[in-house]
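Note that the sequence shown covers residues 142 to 638 in the working numbering.
Here the structure comes first, spelled out in structure tokens, and everything after it is commentary.
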Amino acid sequence: MSYGLYCGLSGRIVTPCDASYQEDRQGWNRAIQKYPLVINYCYTAFDVSCAVLWARQNNAALRVRNGGHNYEGYSNGNCVLIIDVSEMKGIEFDNKLCTVRVQGGVNNRELYEFVSSKGYPFPGGTCPTVGVCGYALGGGWGLSCRHFGLGCDSIEEIEMVDYQGCILKVNRLCNPDLFWALRGAGGGNFGVIVSITFRLPPPVSNVTLVEIDYSAVDYKTQELFLYTWQEWLSCADERMTLISRIYNSETDGLSMLVRGIFYGGQEEAKKLLESFLDIQGAISNIEYMSFLEAVTILGSSYPEFERFQSVSRFVYRKFNSREIENIVKLVQQRPPGSVFAGLSMYALGGKVAEIDEDKTAFLYRGAHYIIWLETIWEDDSFAHINSEWINRQLQHLIPLTVGSYVNFPHSYLPEYLNEYYGDHVSCLEKIKKIYDPCNVFTFPQALGTRKCHKSKQNRITDNLKGYYEYEHREEMHKKQKNYRKFRYITQKPEETS
Numbered sequence: 142m143s144y145g146l147y148c149g150l151s152g153r154i155v156t157p158c159d160a161s162y163q164e165d166r167q168g169w170n171r172a173i174q175k176y177p178l179v180i181n182y183c184y185t186a187f188d189v190s191c192a193v194l195w196a197r198q199n200n201a202a203l204r205v206r207n208g209g210h211n212y213e214g215y216s217n218g219n220c221v222l223i224i225d226v227s228e229m230k231g232i233e234f235d236n237k238l239c240t241v242r243v244q245g246g247v248n249n250r251e252l253y254e255f256v257s258s259k260g261y262p263f264p265g266g267t268c269p270t271v272g273v274c275g276y277a278l279g280g281g282w283g284l285s286c287r288h289f290g291l292g293c294d295s296i297e298e299i300e301m302v303d304y305q306g307c308i309l310k311v312n313r314l315c316n317p318d319l320f321w322a323l324r325g326a327g328g329g330n331f332g333v334i335v336s337i338t339f340r341l342p343p344p345v346s347n348v349t350l351v352e353i354d355y356s357a358v359d360y361k362t363q364e365l366f367l368y369t370w371q372e373w374l375s376c377a378d379e380r381m382t383l384i385s386r387i388y389n390s391e392t393d394g395l396s397m398l399v400r401g402i403f404y405g406g407q408e409e410a411k412k413l414l415e416s417f418l419d420i421q422g423a424i425s426n427i428e429y430m431s432f433l434e435a436v437t438i439l440g441s442s443y444p445e446f447e448r449f450q451s452v453s454r455f456v457y458r459k460f461n462s463r464e465i466e467n468i469v470k471l472v473q474q475r476p477p478g479s480v481f482a483g484l485s486m487y488a489l490g491g492k493v494a495e496i497d498e499d500k501t502a503f504l505y506r507g508a509h510y511i512i513w514l515e516t517i518w519e520d521d522s523f524a525h526i527n528s529e530w531i532n533r534q535l536q537h538l539i540p541l542t543v544g545s546y547v548n549f550p551h552s553y554l555p556e557y558l559n560e561y562y563g564d565h566v567s568c569l570e571k572i573k574k575i576y577d578p579c580n581v582f583t584f585p586q587a588l589g590t591r592k593c594h595k596s597k598q599n600r601i602t603d604n605l606k607g608y609y610e611y612e613h614r615e616e617m618h619k620k621q622k623n624y625r626k627f628r629y630i631t632q633k634p635e636e637t638s
């Protein structure tokens with residue numbers, strides 16, 4: 142294969158002939174294996190512009206990637222150009238305006254470390270290697286959202302490379318319709334984001350880290366836990382944001398946990414958490430520490446990768462006792478090959494709900510929380526049966542819930558645009574036609590449909606005919622194990638008084 146085929150691309154290029162290709166093509170969810178045509182690591186907006194133009198000139202489909210954490214692998218694909226911005230790491234702080242400008246490749250860990258050095262927190266995500274831009278473009282749930290709003294609520298300005306390779310400035314005055322759309326529906330739909338400027342929250346020195354574990358419980362305790370969760374959330378202090386989880390793991394059996402951040406002191410946090418601490422078997426670590434220490438601890442248990450299938454839904458009401466019983470039953474039995482089946486609840490409300498649902502493309506402002514069902518396996522031979530299990534369990538959640546969170550996508554949603562964007566779909570489709578009329582930016586659940594590329598011959602992929610069939614066999618990955626530090630509970634903290 143000749144590198145002349147890639148003339149016009151700048152930055153760093155990885156092709157199927159390169160030794161690093163097998164690792165570079167991987168995303169975080171190793172259950173999904175894709176074989177891109179070329180991976181273009183971009184260092185500048187100029188590199189991104191060249192990549193977009195190259196894709197159009199060569200009739201090659203493209204995908205946009207930063208951290209590679211899209212749960213369905215939509216930042217990757219077979220025979221596509223990946224525009225990878227993960228090496229665009231610039232961060233600029235404006236002390237006068239109290240803003241921070243991050244380039245497209247900055248991840249949560251890097252931004253947390255930077256803003257903490259200036260004395261600020263940030264409403265970012267929990268996983269340290271998730272890209273900040275992708276996180277915020279989908280709405281951006283994090284453990285500060287009830288106090289500071291979603292990640293997208295702090296966006297002041299965006300720089301985006303469009304389908305013509307032009308750099309657009311996007312804010313409340315310049316391209317305001319696109320500014321609305323990008324805050325909640327922006328991931329991969331309209332262009333390549335090369336930077337975002339965020340408004341910083343007020344300076345904070347310390348916060349209270351919340352960790353509560355319950356191991357080897359029975360299903361009745363899990364029912365009590367879910368009841369406690371929804372009662373707590375109905376009157377929760379907006380300074381506290383929690384994740385709660387009921388699960389069934391290979392190592393812990395039926396268990397539960399709570400993780401969170403409170404923007405206040407340790408003793409006050411304990412009082413606010415009394416209903417959780419009163420549940421039998423609670424082991425807690427509620428500790429006052431720096432913001433950076435807290436987010437580092439919360440993110441430390443994420444593995445390098447996983448194999449999983451999941452689905453998310455928004456919850457708008459309290460469940461009755463029968464509904465709680467049926468929800469808890471969803472994880473009583475793991476599917477074959479699963480090492481972990483869990484149901485997580487991500488608290489909303491607070492500042493999230495104070496913003497009108499039409500102010501950004503993120504529609505579900507009035508939801509109480511996001512509920513997220515997942516199963517994790519380590520042997521690829523169990524992938525199909527675990528995916529089928531998720532789809533069966535989803536049918537029990539649909540009548541009780543409304544819509545799905547686009548940052549937790551699910552490939553089997555039949556009406557996925559309506560599920561992700563609800564009443565905003567029509568407006569988003571109109572904006573898509575304005576800023577990407579040729580549907581250059583697409584993926585399996587993207588806004589719009591392809592119009593420009595499907596009928597023309599692709600000379601690049603023609604040169605690769607048969608290459609993927611014979612050289613990239615998935616069997617080489619089926620025996621690959623994820624020897625991970627368990628993501629959910631790494632070490633039981635000592636019980637505090």
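Yeah, the Cβ is synthetic: ideal placement off N, Cα and C, and Gly gets one too.
Excluding sequence positions up to five away, which residues of its chain have a Cβ less than 8 Å from the Cβ of residue i?
i: H618; result: The predicted model places H618 with a pLDDT of 43, which falls under 50 and marks its position as unreliable, so this point remains unresolved.
i: Q407; result: T349, I427, E428, Y429
i: M301; result: I308, L309, V311, L319, L323, F331, G332, V333, I334, V335
Can you tell me which residues form a DSSP beta bridge with residue i?
i: N347; result: S431
i: I334; result: M301
i: E352; result: R400, N426
i: T369; result: Note: T369 sits in no beta bridge, so no partner.
i: G483; result: Y388, E515
i: Y184; result: Y184 is not bridged to any residue.
i: D235; result: T240
i: D225; result: Y182, R206
i: G478; result: BP columns for G478 are empty, so no partner.
i: E447; result: N170
Do residue j and residue i have their beta-carbon atoms positioned less than 8 Å apart in this structure?
i: G152; j: Y176; result: no
i: R243; j: I337; result: According to the sequence displayed, residue 243 carries Val and not Arg. Yes. Within cutoff.
i: P548; j: G279; result: Here the sequence assigns Asn to residue 548, which means Pro is not the residue at that position. Against a cut-off of 8 Å, the Cβ pair of G279 and N548 comes out as a contact.
i: I387; j: L484; result: yes
i: S416; j: E372; result: yes
i: L350; j: I438; result: yes
i: E515; j: S451; result: yes
i: G245; j: C268; result: no
i: P264; j: G292; result: yes
i: F234; j: F582; result: no
i: R380; j: G401; result: no
i: F366; j: I308; result: no
i: M229; j: V335; result: yes
i: E498; j: G507; result: yes
i: R250; j: G440; result: yes
Please report the straight-line C-alpha distance between residue i and residue j, rounded to a whole angstrom.
i: D564; j: L504; result: 8 Å
i: H288; j: V436; result: 15 Å
i: N426; j: N200; result: 55 Å
i: V456; j: S385; result: 14 Å
i: P585; j: W513; result: 21 Å
i: Y355; j: A423; result: 5 Å
i: R670; j: E298; result: Outside the displayed range of the chain (142 to 638) lies residue 670, so it cannot be described from this structure.
i: D359; j: D318; result: 51 Å
i: S545; j: R454; result: 4 Å
i: G290; j: V493; result: 5 Å
i: K310; j: P342; result: 23 Å
i: E495; j: W530; result: 36 Å
i: A410; j: V345; result: 16 Å
i: R206; j: N217; result: 7 Å
i: I154; j: V179; result: 7 Å
i: H509; j: A488; result: 7 Å
i: L588; j: L252; result: 29 Å
i: K573; j: L323; result: 10 Å
i: V399; j: C286; result: 16 Å
i: P157; j: S390; result: 37 Å
i: E254; j: S442; result: 18 Å
i: Y147; j: Y162; result: 16 Å
i: S258; j: D577; result: 39 Å
In chain order, what residues of the same chain lie with their CB nearer than 6 Å to the CB of residue i, ignoring the 5 residues before and after it?
i: A196; result: L203, L222
i: I526; result: P476, P477
i: G306; result: S190, V193, L194
i: D159; result: none
i: T270; result: G208, N248
i: E615; result: Any reading at E615 must be qualified, since the residue scores a pLDDT of 43, below 50, and its modelled position is unreliable; the value itself is stated next. Once the five neighbours on either side are set aside, the close Cβ partners of E615 are Q174.
i: G325; result: G280, C293, T501, A502, F503
Go through its chain and collect everything with a Cβ distance to residue i's Cβ below 7 Å, but skip five positions before and after it.
i: I517; result: E447, R448, F449, S479, V480, F481
i: L150; result: N181, C191, A192, W195
i: Q363; result: I387, L395, M397, V469
Continuous beta strand (DSSP E) assignments of at least 3 residues falling wholly in the region 239–303: 240–244, 296–302
Within the region 509–545, ranges of the beta strand (DSSP E) (whole runs, at least 3 residues): 510–518
Segments assigned alpha helix (DSSP H), at least 4 residues, entirely inside the region 142–172: 162–165
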